[in-house]
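Numbering-wise, the sequence shown is residues 23 to 384 according to the numbering used here.
All C-beta atoms in this analysis are idealised placements derived from N, C-alpha and C, irrespective of residue type, glycine included.
These notes are about the structure you will find just below.
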Amino acid sequence: MKRLKSLEILKDQGLTEFFKLWKNIFTTKIKNKFYYNKYKSDWKNLKNLYHGKRVFLIGNGPSLNKTPLYLLKNEYTLSFNRFNILLERLNWLPTMYMCVDGLVAEDMANEINQMTDLVKHSFFTTSSLTTNTDFTQFVENKANVHWMLPKGVNSPFNFDLPYVNVGGSVAIAGLQVLRYLGFKEIYLLGIDMNYKVHETAEVIKGNNIKSKDDDDPNHFDPRYFGAGRKYHQPKKSIVDTILGSFERIAGIFKQTDTKVYNATVGGVLESYERKEFNSLFNITATAKKDMFIDNLQCKTTLNNILNLLNTPANNDYSESDDVIILNTDKGCSLLAKLIYTHIPFGPYNHNIYFINRSFLKN
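In structure tokens:
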């Protein structure tokens, strides 16, 4: 796969970028030898820290809008990249955070350093093989920051950290870390993998792009890679590489005692046994209702929430309404329009509740 990546860069970006890639790989290997001795004791302390527990690996696909994430309160969770913009909807914080993409990380350095203050553990590669970005220059080295050493995508998947194969996706690195931490069951969420080309984005160089508008079609919020944000065009060859990595690491997990399941709502990833998200929680309908009410009470100043939950969905609404209740599919289709005036909560009882931002607690 490293050869395929090299040929792709040679084709799309030319000889100069091709040699830059191999220079980055060479210098990273040298740096890794130094960093290994520096960080190995930290990783020794993390080994099997969560032995036997279950964890939710949360991708950032649009399907999160169809997932009742309020049920994850008190669960172990691993989040990635710009998950932080989802926090306005949640009454819980992720246990862990990770970013390995140099282009994305440099572009959101301030957000990264804010996220590391909110989580128990955060994980970053020391550098990016493709961009030669040095994460140690802008990620604040706090006690809960753990450094990984990147290897090429054709390298063996590594369950003996700090070395990690990023596999073209931060979620691939996440799987290796969660196995190392001792988790017994890993549930994938929001790993949709049915990417669309971001047609309106501006090409920076090669596959690197910059969004012109808040119209990201591939994540839970159109602002995720919105106006001015830099990331990578999800071309078919890149998506195929990531799907191949998921397939490869799925085969390796089958040889271990760690179970990986896909609890994503929809999507095209079929390398893992599917689990229906709601079935993972042994709670009564009343308990589920209480958890949703707790979510609303924690994040908003709304009164009469019980009456609100008894109100049926109504497609006849005004954007000035305090509350807009739509069925889940309709709500997801209008989220990109309503997100600027309302915050979506749910789904609960097949509805999404859009609460006017004026009711958001500070």
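If you ignore the 5 residues before and after residue 331, its C-beta comes within less than 8 Å of the C-beta of 311, 314, 315, 370 and 371, all in its own chain and listed in chain order. For residue 72, there is no enclosing beta strand (DSSP E), as DSSP marks it with neither H nor E. No Cβ-Cβ contact shorter than 8 Å links residue 306 with residue 149. Here residue 138 is near residue 162, since their CB atoms are less than 8 Å apart. The three-state secondary structure of residue 291, taken from DSSP, is coil. Of all alpha-carbon atoms in 135, 276 and 235, the one lying nearest the alpha-carbon of residue 245 is that of 235.
Assignment of residue 369 by DSSP, reduced to helix, strand and coil, places it in the strand class.
For residue 377, the closest C-alpha among the options 110, 75 and 192 is that of 110. Put simply, the stretch 343–355 does not touch the stretch 293–308. Fewer than three CB pairs are less than 8 Å apart. For residue 257, the three-state secondary structure derived from DSSP is coil. Annotated three-state conformation of residue 377 is strand, per DSSP.
Rounded to the nearest whole angstrom, the CA to CA distance from residue 140 to residue 106 is 10 Å. Taking a contact as a CB-CB distance under 8 Å, the pair residue 71 and residue 203 counts as one, their CB atoms being some 5 Å apart.
In this structure, the alpha-carbon of residue 359 lies about 29 Å from that of residue 193.
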